[in-house]
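*Asks:* Position 208, counted from 1, in the sequence shown is what UniProt numbering calls 208; the numbers after and before it change by one each time, with no gaps.
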Amino acid sequence: MNAVILAVLVMVALALARVSVVFALVVGALVGGFAGGLSLEQTLDAFNEGVGGGAQVALAYATLGAFAVAISRSGLPDMLARRLIAMLGQEADAARQARVKYLLLGAVLLVAISSQNLIPVHIAFIPILIPPLLKVMNQLNLDRRAIACALTFGLTAPYMLLPVGFGSIFLNDILLANINSAGAPLGLEITRGMLPLAMAVPVSGMAVGLAVAVFVSYRRPRAYETREVAGVGSGDGHSAPAPHALGLVMSGLAIVAALGLQLYSGSMILGGLVGIALLSLGGIFKWREADDLFTSGMRMMAMIGFIMISAAGFAEVMKTTGEIDTLVQGAFSLFGDNRGLAAIAMLLVGLFITLGIGSSFSTIPIIAAIFVPLAVQFGFSPLATTVLVGTAAALGDAGSPASDSTLGPTSGLNIDGQHDHIMGSVVPTFLHYNLPMIAFGWAASMML
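(1) Could you compute how far the alpha carbon of residue 137 sits from the alpha carbon of residue 123?
(2) Can the beta-carbon of residue 284 be found closer than 9 Å to that of residue 20?
(3) At 4 residues or longer, and completely inside the stretch 119-193: list those alpha helix (DSSP H) runs for me, N to C.
(4) Can you round the beta-carbon distance between residue 11 and residue 356 to whole angstroms, since I take them to be within the 8 Å contact cut?
(5) Would residue 388 and residue 347 be called neighbours here (beta carbons separated by less than 9 Å)?
(6) Considering just the uninterrupted stretch of the alpha helix (DSSP H) at residue 423, what are its terminal residues?
(7) Taking the DSSP output, what are the residues bridged to residue 396?
(8) Measure the C-alpha to C-alpha separation of residue 27 and residue 321 and round it to an integer number of angstroms.
(9) Count the other C-beta atoms from every protein chain shown that fall within 10 angstroms of the C-beta of residue 192, then say buried if there are 16 or more, exposed otherwise.
(10) Starting from residue 416, trace the alpha helix (DSSP H) in both directions and tell me its first and last residue.
(11) Select from 116, 100, 273 the residue whose C-alpha is nearest the C-alpha of residue 164.
(12) Count the other C-beta atoms from every protein chain shown that fall within 10 angstroms of the C-beta of residue 189, then say buried if there are 16 or more, exposed otherwise.
(13) Among the candidates 257, 265, 264, whose CA atom is the shortest distance from the CA of residue 274?
(14) Nearest to residue 248 by CA position, among 279, 264, 269, 140, is which residue?
(15) Rounding to the nearest angstrom, what Cα-Cα distance links residue 377 and residue 181 in this structure?
(16) Comparing C-alpha positions only, which one of 272, 312, 281 sits nearest to residue 294?
(17) Residue 364 to residue 168, Cα distance in whole Å?
(18) Name the two residues that bound the continuous alpha helix (DSSP H) containing residue 25.
(19) Where does residue 313 land, buried or exposed, given buried means 16+ other C-beta within 10 angstroms?
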């Protein structure tokens with residue numbers, strides 16, 4: 001069996017068996033390295049080399065966790081939660097609850113979409129926005145898997161379709177550049193205007209999946225306990241102060257400053273630190289309590305950070321084996337000149353690679369150099385080739401245990417320990433997004 005397929009299967013099987021995702025990634029990397037002909041020393045060297053690439057992301061998550069805990073101590077989350085709960089009214093009839101529920105889902109979706117383009121802060125908003133809303137979700141008996149699906153859609157669909165913000169990087173800087181680079185010797189060239197048109201069909205598949213998740217799969221009420229958020233309340237000896245004017249003003253200023261600085265500097269770490277400093281100046285907490293604050297934040301985000309570090313090492317081992325090229329070539333040797341099966345092979349190979357690496361942005365350079373010549377050989381048009389490469393790369397971003405698109409929602413929804421990463425974020429997004437994307441992407445490649 002190909003080393004990449006074996007490694008991903010081992011990783012996914014262990015994760016589904018409720019084994020720690022970090023342990024699953026490490027074991028998957030070792031299995032893939034051995035199967036790919038690497039020695040133990042070579043596998044560990046490759047893993048360690050990749051680990052460095054995830055350290056900055058892990059530190060950013062820890063800083064954001066500390067910032068989220070500091071915000072929660074300001075009293076702003078409790079005030080926000082009380083006001084939103086008041087929208088239910090005293091009687092809280094079913095019709096009114098449904099309106100508030102879908103209003104909340106729509107608001108979360110719009111914020112997630114805006115985080116990719118209008119205010120391109122990516123997942124930095126989740127630890128700030130979602131924890132204060134958990135009380136409202138509990139009051140509504142809202143299934144958090146629906147929120148996870150809404151967040152993941154907002155984190156992935158915009159960069160696939162809209163050439164602004166992160167979409168400009170994905171579509172113009174990576175997808176366009178790699179397809180044209182691989183297609184130049186073959187006379188294939190695409191333009192920027194073709195990219196949104198090509199990706200509109202697979203994104204439509206994601207929209208169908210979102211509608212199914214919200215209105216069918218997770219429509220029924222689901223009960224959750226009201227628990228204290230980690231790092232807040234009696235659990236760590238601190239209680240949220242009663243909201244006061246200065247604290248609320250400084251909380252709002254800290255949120256704006258944290259997001260604004262990230263936009264300006266590109267650093268979530270700097271934004272989070274400045275936000276924490278402003279909250280301290282506003283009297284939300286004393287500066288000598290900063291160590292406790294960071295400890296609480298790191299405890300809250302530790303799982304996410306270690307998964308990101310491990311995923312970077314896993315990806316480096318897969319690249320070092322050289323088995324990714326073998327996987328692609330082997331898939332096409334099975335199908336002869338059948339265009340339909342060739343298209344399915346491209347999509348499934350992309351799915352497997354992205355599931356393991358956790359990044360569609362990193363998948364395109366790996367597959368474009370091989371997929372583009374094969375697509376030309378099978379007679380696919382430039383537009384269909386764009387659909388295949390773009391969809392194959394995006395597949396697996398939603399549904400990978402190591403992807404920002406699933407780790408981000410989990411970081412906010414599991415802050416009280418009631419949202420499992422695999423069964424709450426990974427499996428729902430995998431089923432509702434990857435399956436329709438494969439169907440819609442395949443249909444588009446055959447018709448265009």
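For glycine and all other residues, C-beta sits at the position ideal for the given N, C-alpha and C.
*Replies:* Inspection of the coordinates gives the following:
(1) Counting from one through the sequence shown, the residue named residue 137 turns up at place 137. Counting from one through the sequence shown, the residue named residue 123 turns up at place 123. Cα to Cα, the separation comes out at about 20 Å.
(2) As a position in the sequence shown, residue 284 is number 284, starting the count at 1. As a position in the sequence shown, residue 20 is number 20, starting the count at 1. Not closer than 9 Å, so no.
(3) 126-140, 144-161, 177-183
(4) Working through the sequence shown from its first residue, we reach residue 11 at position 11. Working through the sequence shown from its first residue, we reach residue 356 at position 356. 7 Å between Cβ atoms; contact.
(5) The residue you call residue 388 lines up with position 388 of the sequence shown. The residue you call residue 347 lines up with position 347 of the sequence shown. Result yes, Cβ atoms of residue 388 and residue 347 sit closer than 9 Å.
(6) In the sequence shown, the residue the question calls residue 423 occupies position 423. Neither: residue 423 is in no alpha helix (DSSP H) and is coded neither H nor E.
(7) Here residue 396 refers to the residue found at position 396 when the sequence shown is read from its first residue. Answer is 399.
(8) Translated into the one-based positions of the sequence shown, residue 27 becomes position 27. Translated into the one-based positions of the sequence shown, residue 321 becomes position 321. Rounded to whole angstroms, residue 27 to residue 321 spans 15 Å at the Cα level.
(9) Looking up residue 192 in the sequence shown gives position 192. It is exposed - the Cβ of residue 192 has fewer than 16 other Cβ atoms within 10 Å.
(10) Taking the sequence shown and counting its residues from 1, the one referred to as residue 416 is at position 416. Unbroken run through residue 416: none, as it is neither H nor E.
(11) Locating residue 164 in the sequence shown gives position 164, where the first residue counts as 1. Residue 164 has its Cα closest to that of 116, out of 116, 100, 273.
(12) Locating residue 189 in the sequence shown gives position 189, counting from the first residue. Classification of residue 189: exposed, given that the 10 Å Cβ count is below 16.
(13) As a first step, residue 274 is located in the sequence shown; it is residue number 274 there, counting from the start. Closest option to residue 274, Cα to Cα, is 257.
(14) Here residue 248 corresponds to residue number 248 of the sequence shown, with the count starting at 1. That would be 279, whose Cα lies nearest to the Cα of residue 248.
(15) Taking the sequence shown and counting its residues from 1, the one referred to as residue 377 is at position 377. Taking the sequence shown and counting its residues from 1, the one referred to as residue 181 is at position 181. Straight-line Cα distance between these residues: approximately 16 Å.
(16) Counting from one through the sequence shown, the residue named residue 294 turns up at place 294. The candidate whose alpha carbon is nearest that of residue 294 is 272.
(17) Mapped onto the sequence shown, residue 364 falls at position 364. Mapped onto the sequence shown, residue 168 falls at position 168. Approximately 14 Å between the Cα atoms of the pair.
(18) Taking the sequence shown and counting its residues from 1, one reaches residue 25 at position 25. Per DSSP, residue 25 belongs to the alpha helix (DSSP H) from 21-35.
(19) Against the sequence shown, residue 313 aligns to sequence position 313. Burial call: buried.
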